[in-house]
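Colleague:
Number of protein chains: 2
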Amino acid sequence: MPSQTEAVRRLGIDYPIIQGPFGGGISTVGLVSAVSNRGGLGSFGAHIVAPEEIGVLRKEIGAATSAPFALNLWVSDHDPGGLHLSQEEFDRYFPIFEPYFEELGLEKPEPPELYHYRFEEQAEALLEARPPVFSFVFGVPSAKVLAECKQRGIVTAGAATTIAEAEALEAAGVDLIVATGFEAGGHRPSFLAPAEESLFGTLALTQIIERRVKVAVIAAGGIVDGRGVHAALTLGAQAAQIGTAFLACDESGTTDAHRALLHGDAILETALSRSFTGRLARVIPNRLYDELLPRAAELPPFPVQGWFVSRIKAAAVAANRSDLITLYSGQIAPNLKHRNVPDLMDALLQDLS
Amino acid sequence: MPSQTEAVRRLGIDYPIIQGPFGGGISTVGLVSAVSNRGGLGSFGAHIVAPEEIGVLRKEIGAATSAPFALNLWVSDHDPGGLHLSQEEFDRYFPIFEPYFEELGLEKPEPPELYHYRFEEQAEALLEARPPVFSFVFGVPSAKVLAECKQRGIVTAGAATTIAEAEALEAAGVDLIVATGFEAGGHRPSFLAPAEESLFGTLALTQIIERRVKVAVIAAGGIVDGRGVHAALTLGAQAAQIGTAFLACDESGTTDAHRALLHGDAILETALSRSFTGRLARVIPNRLYDELLPRAAELPPFPVQGWFVSRIKAAAVAANRSDLITLYSGQIAPNLKHRNVPDLMDALLQDLS
Chain A
47 MPSQTEAVRR LGIDYPIIQG PFGGGISTVG LVSAVSNRGG LGSFGAHIVA
97 PEEIGVLRKE IGAATSAPFA LNLWVSDHDP GGLHLSQEEF DRYFPIFEPY
147 FEELGLEKPE PPELYHYRFE EQAEALLEAR PPVFSFVFGV PSAKVLAECK
197 QRGIVTAGAA TTIAEAEALE AAGVDLIVAT GFEAGGHRPS FLAPAEESLF
247 GTLALTQIIE RRVKVAVIAA GGIVDGRGVH AALTLGAQAA QIGTAFLACD
297 ESGTTDAHRA LLHGDAILET ALSRSFTGRL ARVIPNRLYD ELLPRAAELP
347 PFPVQGWFVS RIKAAAVAAN RSDLITLYSG QIAPNLKHRN VPDLMDALLQ
397 DLS
Chain B
47 MPSQTEAVRR LGIDYPIIQG PFGGGISTVG LVSAVSNRGG LGSFGAHIVA
97 PEEIGVLRKE IGAATSAPFA LNLWVSDHDP GGLHLSQEEF DRYFPIFEPY
147 FEELGLEKPE PPELYHYRFE EQAEALLEAR PPVFSFVFGV PSAKVLAECK
197 QRGIVTAGAA TTIAEAEALE AAGVDLIVAT GFEAGGHRPS FLAPAEESLF
247 GTLALTQIIE RRVKVAVIAA GGIVDGRGVH AALTLGAQAA QIGTAFLACD
297 ESGTTDAHRA LLHGDAILET ALSRSFTGRL ARVIPNRLYD ELLPRAAELP
347 PFPVQGWFVS RIKAAAVAAN RSDLITLYSG QIAPNLKHRN VPDLMDALLQ
397 DLS
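One line per chain: the protein sequences are A and B, in this order.
Mapped onto my numbering, the consecutive letters of the first sequence carry residue numbers 47 to 399.
Mapped onto my numbering, the consecutive letters of the second sequence carry residue numbers 47 to 399.
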């Protein structure tokens, strides 16, 4: 199995293994550096990091590893109606969330100035910070940003959920395309058509994109162990992106309750929902999922929905509760085996050798 | 790559390649025998064949090939409300279809005695006909039927779309499990939970089922060439079931218009819909799909919906039209290459050698 692919060389890593970036505060410097120090590519989901903090983050990761790593941003930072709310709109949405705020002992919040940082400012800060790899989801950065990456030697990787998205990324000159199959946990990073209409299985998507574009393809979704990595390479991918298996490691920033569910004996079923942030994501259904499902039509757009839920989550996380947090998970969770990065990387590398 | 798997030996075939069974009149003796004669397993979708015709069909296939082949049935033959209709109910549903009947010059039909043959009678006839392999979807046959298969030396293969379905098939003593991923064309053969809640990608489903059950697993969905077969075997499958690539061959019973679309240069997008038979199936959207989509709530249950649409289809097929037929297709269609079974089998076997 030729695991020393062009993409591996380009990324400057030892093995064709990329840790999927996690948003929502569950990426950690410890996780990213643990993966990168073992020869994979660690990734930090920085879309919730303020522009002025991105340089600091980059330095923290750089202090923990001398190996390449990725910072990940969300190109599209809001959906229609999700950029600004009037106080009246804010007050109209709040009753949906009020019972949870009350249950968790939280006051009604003040509307923030921004519900999400602006991508352009984050990208500016990222260019300044010059991480080895800039990976992104939900769109294609401007030609100016991509040209700056090229000039500064930052490798770029964009996520595609359809053929058209892969072709758009290739046309823009992005270095690597992450073919993100339906099985993957977390957000479906679709940007040309609604996510609900952009659902390809990883097996099909990897092969189709690999045949349609010249850019190197990375397969994401449904990969948890060495045989999954082998299968991805067999299908024409040059590396495999692994999310849930790293999320379930002690080094990730999620809660013990979430980790216990991921490793649990109960047969896991995941579902796609817009209830958590306003954008479609794969999660383990819990009480918050069940209760918000019938109210889908009333929920505010991204990122407003995510802003409200993140307040609920913060209090629930503090209480190590799993009923009111977002339980991201890929479909492959039933096959999880390892509880920390060294064990997981050892197993993956043993299979690859 | 160990392509001489236990499942291949059990089936008595030469290569780990199974042609997916097609319902709706698009299976042909020529297709099945062409695949079996080349060392794969041809499969005939016999769920639309009358019990008294199943023995005849079995003899026709047996005359065309001395190699093993499968007859396929649908275990569950109706959904609630789909077994019998009163004349009043029939008349209430007809206006949905009336414009198409008029456009195609068809009279209003008389209600049939049965909208679908009864599975128990078909199974009885199949046992009598004794095909080498009995494959089935949409459920688990009774213990009596399965015991008869064992006694008569008929190998059994059942389709699973979830972990629970695979476990039910294993518990019943079925010989082989076809892990049918989300990418696959045609019907989602779910039987324990709604098909919409039973959507796993092939990459994830194959690995999960393989780890949960002891029975040999066959991967289906998203496989079109030798690298797909290799990937399936890498993931732990003992054979790969290939549907759309055989459907697109001249030997299948579909229309030239459908074949042209499958091979077309236009980027194919498929979608899941209940509009064609009342059960969820993956198709290429066309006019019938677009027009029935907003009327989903008014459509009759399976198999009544399929009965009405099959009348429309028959007239549309006669006119080689693609706007009013069911354009089954898997997600992998953009990667189709071959136009007949010898070319397709040659390419697959070259990759496997």
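Glycine residues also receive a C-beta, built at the ideal position from the N, C-alpha and C atoms.
Note that this is a predicted model, so its numbers are computed, not measured.
Using only the alpha-carbon positions, how far apart do B:Phe-228 and B:Glu-99 sit?
Modeller: So the alpha carbons of these two residues sit roughly 32 Å apart.
Colleague: What do you get for A:Asp-400, buried or exposed, if any count of 16 or more other CB atoms within 10 angstroms of its CB means buried?
Modeller: Look at the range of chain A in this structure, 47 to 399, and you will see that residue 400 of chain A is not part of it.
Colleague: By the criterion of Cβ-Cβ separation under 8 Å, what are the contact partners of B:Ile-313 in chain A?
Modeller: Residues of chain A passing the Cβ test: Ile-209, Ala-210.
Colleague: Name the chain B residues whose beta carbon is nearer than 7 Å to that of A:Thr-248?
Modeller: Those within 7 Å of A:Thr-248 in chain B are Gly-247, Leu-249.
Colleague: Are any of the Cβ atoms in chain A nearer than 9 Å to that of B:Ile-264?
Modeller: Not closer than 9 Å to any Cβ of chain A, the Cβ of B:Ile-264 fails to qualify, so no.
Colleague: Is there contact here, the stretch 53-65 of chain B with the stretch 130-139 of chain B, by at least three beta-carbon pairs under 8 Å?
Modeller: Judged by Cβ distances under 8 Å, the stretch 53-65 of chain B makes no contact with the stretch 130-139 of chain B, as fewer than three pairs qualify.
Colleague: For A:Lys-260, which residues from the same chain have a beta carbon less than 8 Å from its beta carbon, with the 5 sequence-adjacent residues on both sides left out?
Modeller: Cβ neighbours of A:Lys-260 beyond the five flanking positions: Glu-216.
Colleague: Nearest by alpha-carbon distance to B:Pro-158: which of B:Leu-398, B:Lys-359, B:Gln-351 is it?
Modeller: Nearest of B:Leu-398, B:Lys-359, B:Gln-351 to B:Pro-158, Cα basis: B:Gln-351.
Colleague: Looking at A:Ala-294: is its Cβ nearer than 9 Å to the Cβ of A:Ala-286?
Modeller: It is not a contact, given that the beta carbons lie outside the stated cut-off.
Colleague: Taking a cut of 8 Å between CB atoms, which residues from the stretch 64-78 of chain A lie near chain B?
Modeller: Residues: none.
Colleague: Are the beta-carbon atoms of B:His-309 and B:Ile-371 separated by less than 9 Å?
Modeller: No, Cβ-Cβ distance for B:His-309 and B:Ile-371 is not below 9 Å.
Colleague: Can you tell me the Cα-Cα spacing of B:Ser-368 and B:Gly-231, whole angstroms?
Modeller: Their Cα atoms are separated by approximately 17 Å.
Colleague: Would you verify that the beta carbon of B:Gln-396 is, or is not, closer than 9 Å to some beta carbon of chain A?
Modeller: So, not an interface residue.
Colleague: By Cβ distance below 6 Å, which residues in the same chain neighbour B:Val-220 in space, the five residues on each side in sequence not counted?
Modeller: Contacts found: Thr-202, Gly-204.
Colleague: Please state whether DSSP places B:Tyr-139 in a helix, a strand or coil.
Modeller: Looking at B:Tyr-139 - three-state DSSP - the assignment turns out to be helix.
Colleague: Considering only the beta carbon of each residue, do B:Pro-97 and B:Glu-167 sit closer than 9 Å?
Modeller: Cβ distance < 9 Å, so B:Pro-97 and B:Glu-167 count as in contact.
Colleague: Check whether the Cβ atoms of B:Arg-258 and B:Ala-212 sit closer than 9 Å, and answer yes or no.
Modeller: Yes, the pair counts as a contact, with Cβ atoms nearer than the cut-off.
Colleague: For B:Ser-49, collect the residues of the same chain with a Cβ closer than 7 Å to its Cβ; drop the 5 residues on either side in sequence, then sort them by chain order.
Modeller: Result list for B:Ser-49: Tyr-61, Pro-62, Leu-279, Leu-398, in chain order.
Colleague: Could you check what DSSP says for A:Thr-226 in three-state terms: helix, strand or coil?
Modeller: In the structure shown, A:Thr-226 sits in a strand (DSSP, three-state: E or B).
Colleague: Could you tell me whether the stretch 179-186 of chain B touches the stretch 142-153 of chain B, using the rule of 3 or more Cβ pairs below 8 Å?
Modeller: Segments in contact, no.
Colleague: Quick one: which chain A residues come within Cβ less than 9 Å of B:Thr-290?
Modeller: Neighbours of B:Thr-290 on chain A: none; closest Cβ ~10 Å, over 9 Å.
Colleague: Could you pull out every unbroken beta strand (DSSP E) segment of at least 3 residues lying fully inside the stretch 297-338 of chain B, listed in chain order?
Modeller: Within the stretch 297-338 of chain B, the complete beta strand (DSSP E) runs of at least 3 residues are 317-319, 327-329.
Colleague: Is the CB-CB distance between B:Ser-356 and B:Leu-339 below 9 Å?
Modeller: No, the pair does not count as a contact, with Cβ atoms beyond the cut-off.
Colleague: I'd like the ranges of any beta strand (DSSP E) spanning at least 3 consecutive residues and lying wholly in the stretch 229-300 of chain A.
Modeller: Here the runs fully enclosed are 262-266, 285-288.
Colleague: Helix or strand or just coil, what does DSSP make of B:Asn-118?
Modeller: Looking at B:Asn-118 - three-state DSSP - the assignment turns out to be strand.
Colleague: Measure the alpha-carbon distance for A:Ala-113 versus A:Leu-87 and round it to whole angstroms.
Modeller: Near 8 Å, if we compare the C-alpha coordinates of A:Leu-87 and A:Ala-113.
Colleague: Pick out whichever of B:Ala-343, B:Leu-77, B:Val-54, B:Arg-333 has its Cα sitting closest to the Cα of B:Lys-359.
Modeller: Closest by alpha carbon: B:Arg-333.
Colleague: According to DSSP, simplified to helix, strand and coil, what is A:Ile-19?
Modeller: Summary: the structure shown does not reach residue 19 of chain A, with chain A confined to residues 47 through 399, and so no result is reported for it.
Colleague: Based on Cα-Cα distance, which residue from B:Tyr-163, B:Leu-390, B:Val-191 lies nearest to B:Asp-296?
Modeller: Considering only alpha carbons, the answer is B:Leu-390.
Colleague: Within the same chain, show all residues whose beta-carbon is closer than 6 Å to that of A:Arg-84, passing over the 5 residues directly before and after it, in chain order.
Modeller: Same-chain partners within the cutoff: Met-391.
Colleague: If you reduce the DSSP assignment to three classes, tell me which class B:Val-95 lands in.
Modeller: Correct three-state label for B:Val-95: coil.
Colleague: Residues of the stretch 364-384 of chain B with a CB closer than 7 Å to any CB of chain A: list them in chain order, please.
Modeller: Going along the stretch 364-384 of chain B in chain order, one finds Gln-377, Ile-378, Pro-380, Asn-381 with a Cβ nearer than 7 Å to chain A.
Colleague: Is there at least one non-hydrogen atom of the ligand MN closer than 8 Å to the beta-carbon of A:Glu-153?
Modeller: Absence of the ligand MN is noted for the structure shown, with no ligands found whatsoever.
Colleague: Please report how far the alpha carbon of B:Leu-152 lies from the alpha carbon of B:His-124, in whole angstroms.
Modeller: Using only the alpha carbons, I get a separation of about 26 Å.
Colleague: Can you check DSSP and say which residues form a bridge with A:Phe-354?
Modeller: Paired residues: none, contrary to the question.
Colleague: Checking contacts by CB at 9 Å: is A:Ile-400 closer than that to chain B?
Modeller: Absent from the model: residue 400 of chain A. The displayed extent of chain A is 47 to 399, so no value can be given.
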